[in-house]
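In the working numbering, the protein residues as written are 1090 to 1490.
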Amino acid sequence: MRSHVVYCKKRRRYRCGGQNDTIKGGRTAMNEEIILGMVRPYVKDSAMTYDEFSRVFSMLSKKEQYIVTDILYKNGIDLVDRHIEDSELILDIDSGDGAPDDLEDEDLEILYDPSLFQDRGAPEGWNDSLIVYKEIRQSNEILCSLIQQGDRQAVQDLCIKNKRLVDKYVSAYEKRYGNRLDFQDLEQVGFLGLIKAAQRFSIQQGTAFSTYAVFWIKQSIAREIMDNGYAIRIPVHMMERINKVVAIHNRLAEEGAPPHERVLRIAAETGCSDDEVRECLTLKANILGYTSLDVPIGEDGDTELRDLIPDEAEDPVEGIVLDHALRHELEKIFATLHPRERDILKLRFGWDDDHPMTLEEIGSEYHVTRERIRQIEAKAIKKMQHPSRRRRLDDFWEDRS
1090 MRSHVVYCKK
1100 RRRYRCGGQN
1110 DTIKGGRTAM
1120 NEEIILGMVR
1130 PYVKDSAMTY
1140 DEFSRVFSML
1150 SKKEQYIVTD
1160 ILYKNGIDLV
1170 DRHIEDSELI
1180 LDIDSGDGAP
1190 DDLEDEDLEI
1200 LYDPSLFQDR
1210 GAPEGWNDSL
1220 IVYKEIRQSN
1230 EILCSLIQQG
1240 DRQAVQDLCI
1250 KNKRLVDKYV
1260 SAYEKRYGNR
1270 LDFQDLEQVG
1280 FLGLIKAAQR
1290 FSIQQGTAFS
1300 TYAVFWIKQS
1310 IAREIMDNGY
1320 AIRIPVHMME
1330 RINKVVAIHN
1340 RLAEEGAPPH
1350 ERVLRIAAET
1360 GCSDDEVREC
1370 LTLKANILGY
1380 TSLDVPIGED
1390 GDTELRDLIP
1400 DEAEDPVEGI
1410 VLDHALRHEL
1420 EKIFATLHPR
1430 ERDILKLRFG
1440 WDDDHPMTLE
1450 EIGSEYHVTR
1460 ERIRQIEAKA
1470 IKKMQHPSRR
1480 RRLDDFWEDR
1490 S
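Given below as structure tokens:
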């Protein structure tokens, strides 16, 4: 059987083939013997470097290179960044604990951090003296295949291998959007996007995984910022409109367009009304800016904008405890009132069921007029405002202020 690398005039590129090539799915099947023969001089410890792979198979298309990668993987040959020596795989993290120097191979364990997105290493408080770090040799494409088969270790490997890619877009989005989320939080969200891309990726698409994954990484980070990055949540479609308006506004500013003309030109380009354009610019300036919440407001300038915006992300436990204590104290004060006065106040404010009743509804229940219920309510509230009762609530008002 003759086998060789031939030049395909129709497709204007080289391919690995021979006389016994077969056609599968509309493409030429690779001859494994030829592939293995071509890589044999470069294989060391069942691995060859990416640079060597590129030199040998640069004449092939991306899709054909993926097929070659599968052939190598099936034959136990991995792709690595570089060939490493055995001595590089062992890290002595505590040489002073009396660990013997003549450990046998079977005494060494490969330890993995149980956290899904953390690098391999010893967990906090681990006392073993040796850790073996195994370099991630599989390509992104092979790791994607393993992930789709349910391999959890491949998920961790993929995240470690592509950490720089994720961090690149986390940094970019941090600079683009001023938000309150930590870098580590956005990094974890970026990893989730990376995993989603791995679950959907197919070699037959003909694109590199890193290129394919960028969309999912960016989408995950952007949506997390829009949903949880600000004290005031802005819908995704509104954020997209703001970005579009601001981009055009910045371009017009660089061109020297007068401020009063920019709104009209932005409205013409985006199809938005003048008011919608102004709203987008206002939100960008007052909500999405890095220092916008620190802007002093009020006549004396001693109050910041952030003081007027409730932060729903704060821990509500303290508020719950205060509400419970306040309710308990009010029950004691209610007990000092006449039973009818106490009951009418509770019905008016929905004390027991969070459903306040009108004067007419309470009057129907007690078979008296609306005006009579109003008089009883006013008398009860006046009693509640007596200093002897009011003093018991002063501490709660101070805590709320």
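Here a beta-carbon is modelled for each residue, glycine too, at the ideal position from N, C-alpha and C.
Checklist entry - How many Å lie between residue 1453 and residue 1415 at the Cα? => result The sequence position of residue 1453 within the sequence shown is 364, counting from 1. The sequence position of residue 1415 within the sequence shown is 326, counting from 1. C-alpha separation (whole angstroms): 30 Å.
Checklist entry - Exposed or buried, what is residue 1279 when buried is set at 16 or more other beta-carbons lying within 10 Å of its beta-carbon? => result Here residue 1279 is taken as the residue at index 190 of the sequence shown, counted from 1. Classification of residue 1279: buried, given that the 10 Å Cβ count is 16 or more.
Item to check | DSSP three-state assignment for residue 1167, whether helix, strand or coil | outcome: Start at 1 with the first residue of the sequence shown, and residue 1167 comes out as number 78. Three-state result, residue 1167: strand.
Next on the checklist: Taking contact to mean 3 or more Cβ pairs, one atom from each stretch, closer than 8 Å, check whether the segment 1290-1297 and the segment 1261-1281 are in contact.
Outcome noted: no
Item to check | For residue 1359, the first and last residue of its enclosing alpha helix (DSSP H) | outcome: Position 270 of the sequence shown holds residue 1359. Residue 1359 -> alpha helix (DSSP H) spans 1348-1359.
Checklist entry - What did DSSP end up calling residue 1446 once you bin it into helix, strand or coil? => result Position 357 of the sequence shown, counted from the first residue, corresponds to residue 1446. Coil at residue 1446, not helix or strand.
Checklist entry - Anyone know if the C-beta pair for residue 1445 and residue 1436 falls short of 9 Å? => result Within the sequence shown, the letter at position 356 stands for residue 1445. Within the sequence shown, the letter at position 347 stands for residue 1436. Cβ distance < 9 Å, so residue 1445 and residue 1436 count as in contact.
Item to check | Host beta strand (DSSP E) of residue 1136 (start-end) | outcome: Indexing the sequence shown from 1 puts residue 1136 at position 47. Run containing residue 1136: 1136-1138, per the beta strand (DSSP E) assignment.
Item to check | Nearest to residue 1122 (by Cα), restricted to the options 1160, 1307, 1251 and 1327 | outcome: Here residue 1122 refers to the residue found at position 33 of the sequence shown. Ranking the options by Cα distance to residue 1122, first place goes to 1160.
Checklist entry - How should residue 1164 be labelled, buried or exposed, when 16 other C-beta atoms within 10 angstroms of its C-beta is the threshold for buried? => result In the sequence shown, residue 1164 corresponds to position 75, counting from 1. Per the 10 Å Cβ criterion, exposed.
Checklist entry - What is the rounded straight-line gap between the Cα of residue 1128 and the Cα of residue 1372? => result Translated into positions along the sequence shown, residue 1128 becomes position 39. Translated into positions along the sequence shown, residue 1372 becomes position 283. Straight-line Cα distance between these residues: approximately 58 Å.
Checklist entry - For residue 1459, which of 1467, 1466, 1448 and 1318 has the nearest alpha-carbon? => result The sequence position of residue 1459 within the sequence shown is 370, counting from 1. Nearest of 1467, 1466, 1448 and 1318 to residue 1459, Cα basis: 1448.
Item to check | Reference residue 1257; option with closest CA among 1276, 1245 and 1270 | outcome: Indexing the sequence shown from 1 puts residue 1257 at position 168. Of 1276, 1245 and 1270, the residue nearest in Cα terms is 1276.
Next on the checklist: Taking 9 Å as the threshold (C-beta atoms), are residue 1146 and residue 1233 in contact?
Outcome noted: One-based indexing of the sequence shown puts residue 1233 at position 144. One-based indexing of the sequence shown puts residue 1146 at position 57. For residue 1233 and residue 1146, no; Cβs fall outside 9 Å.
Item to check | residue 1272: CB within 8 Å of a non-hydrogen atom of the ligand FAD | outcome: Of ligands this structure carries none, so the ligand FAD is not represented either.
Checklist entry - What residue does the alpha helix (DSSP H) around residue 1270 start on, and which one ends it? => result Residue mapping note: residue 1270 aligns to position 181 of the sequence shown, counting from 1. It is not in any alpha helix (DSSP H) - residue 1270 carries neither H nor E in the DSSP assignment.
Checklist entry - Going by beta carbon distance, what residues of the same chain come within less than 7 Å of residue 1051, once the five residues before and after it are set aside? => result Residue 1051 falls outside the range modelled here, since the chain spans only 1090 to 1490, and no answer is possible.
Item to check | residue 1304, enclosing alpha helix (DSSP H) - first and last residue | outcome: Walking along the sequence shown from the start, residue 1304 turns up at place 215. Here the alpha helix (DSSP H) through residue 1304 covers 1298-1317.
Checklist entry - Quick one: Cα of residue 1332 to Cα of residue 1422, how far? => result Numbered from its first residue, the sequence shown carries residue 1332 at position 243. Numbered from its first residue, the sequence shown carries residue 1422 at position 333. Cα to Cα, the separation comes out at about 55 Å.
Item to check | Helix, strand or coil at residue 1282 [DSSP, three-state] | outcome: Within the sequence shown, the letter at position 193 stands for residue 1282. Here residue 1282 sits in helix by DSSP.
Item to check | Neighbourhood of residue 1154 by C-beta distance below 6 Å, restricted to the same chain and skipping five residues each side | outcome: Here residue 1154 refers to the residue found at position 65 when the sequence shown is read from its first residue. Around residue 1154: 1146.
Checklist entry - What separation, rounded to the nearest whole angstrom, lies between the Cα atoms of residue 1402 and residue 1313? => result Within the sequence shown, numbered from 1, the residue matching residue 1402 stands at position 313. Within the sequence shown, numbered from 1, the residue matching residue 1313 stands at position 224. Low confidence applies to residue 1402: its pLDDT is 48, below 50, so where it sits in the model is not reliable, and the reading given next is rough at best. So the alpha carbons of these two residues sit roughly 14 Å apart.
Item to check | N- and C-terminal bounds of the alpha helix (DSSP H) containing residue 1480 | outcome: Indexing the sequence shown from 1 puts residue 1480 at position 391. Residue 1480 -> no alpha helix (DSSP H), and no H or E assigned at all.
Item to check | Buried versus exposed call for residue 1432 [16 or more other C-beta atoms within 10 Å across all chains shown] | outcome: Here residue 1432 refers to the residue found at position 343 when the sequence shown is read from its first residue. Its Cβ being crowded by 16 or more others within 10 Å, residue 1432 is buried.
Checklist entry - By Cβ distance below 8 Å, which residues in the same chain neighbour residue 1324 in space, the five residues on each side in sequence not counted? => result Position 235 of the sequence shown holds residue 1324. Only 1315 meet the Cβ criterion.
Item to check | For residue 1426, the three-state DSSP class (helix, strand or coil) | outcome: Residue mapping note: residue 1426 aligns to position 337 of the sequence shown, counting from 1. Correct three-state label for residue 1426: coil.
Item to check | Among 1338, 1353, 1369 and 1302, the one whose alpha carbon lies nearest that of residue 1326 | outcome: Your numbering for residue 1326 matches position 237 in the sequence shown. Looking at the Cα atoms, 1369 is the closest of the given residues.
Checklist entry - Three-state secondary structure (DSSP) at residue 1260? => result For the purposes of this step, residue 1260 is taken as the residue at position 171 of the sequence shown. Residue 1260: helix per DSSP, three-state reduction.
Next on the checklist: Restricting to Cα atoms, I'd like to know which of 1319, 1354, 1329 and 1330 is closest to residue 1340.
Outcome noted: Translated into the one-based positions of the sequence shown, residue 1340 becomes position 251. Closest option to residue 1340, Cα to Cα, is 1354.
Checklist entry - Quick one: what's got a C-beta closer than 7 Å to residue 1473's C-beta in the same chain, skipping five residues either side? => result As a first step, residue 1473 is located in the sequence shown; it is residue number 384 there, counting from the start. Taken in chain order, the residues that qualify are 1422.
Item to check | Nearest residue (CA-CA) to residue 1480, options 1229, 1286, 1418 and 1350 | outcome: Against the sequence shown, residue 1480 aligns to sequence position 391. Per the Cα distances, 1418.
Next on the checklist: Please tell me whether residue 1137 and residue 1166 are closer than 9 Å, where the distance is taken between their beta carbons.
Outcome noted: Numbered from its first residue, the sequence shown carries residue 1137 at position 48. Numbered from its first residue, the sequence shown carries residue 1166 at position 77. Closer than 9 Å, so yes.
Checklist entry - Buried or exposed: residue 1462, going by 16 or more other Cβ atoms within 10 Å of its Cβ? => result Here residue 1462 is taken as the residue at index 373 of the sequence shown, counted from 1. With 16 or more Cβ atoms within 10 Å of its Cβ, residue 1462 is classed as buried.
Checklist entry - Taking Cβ to Cβ, would you say residue 1228 is nearer than 9 Å to residue 1158? => result For this step, residue 1228 is matched to residue 139 along the sequence shown. For this step, residue 1158 is matched to residue 69 along the sequence shown. Yes, the pair counts as a contact, with Cβ atoms nearer than the cut-off.
Checklist entry - Is DSSP giving residue 1456 helix, strand or coil here? => result Within the sequence shown, the letter at position 367 stands for residue 1456. Residue state, collapsed to three classes: coil.
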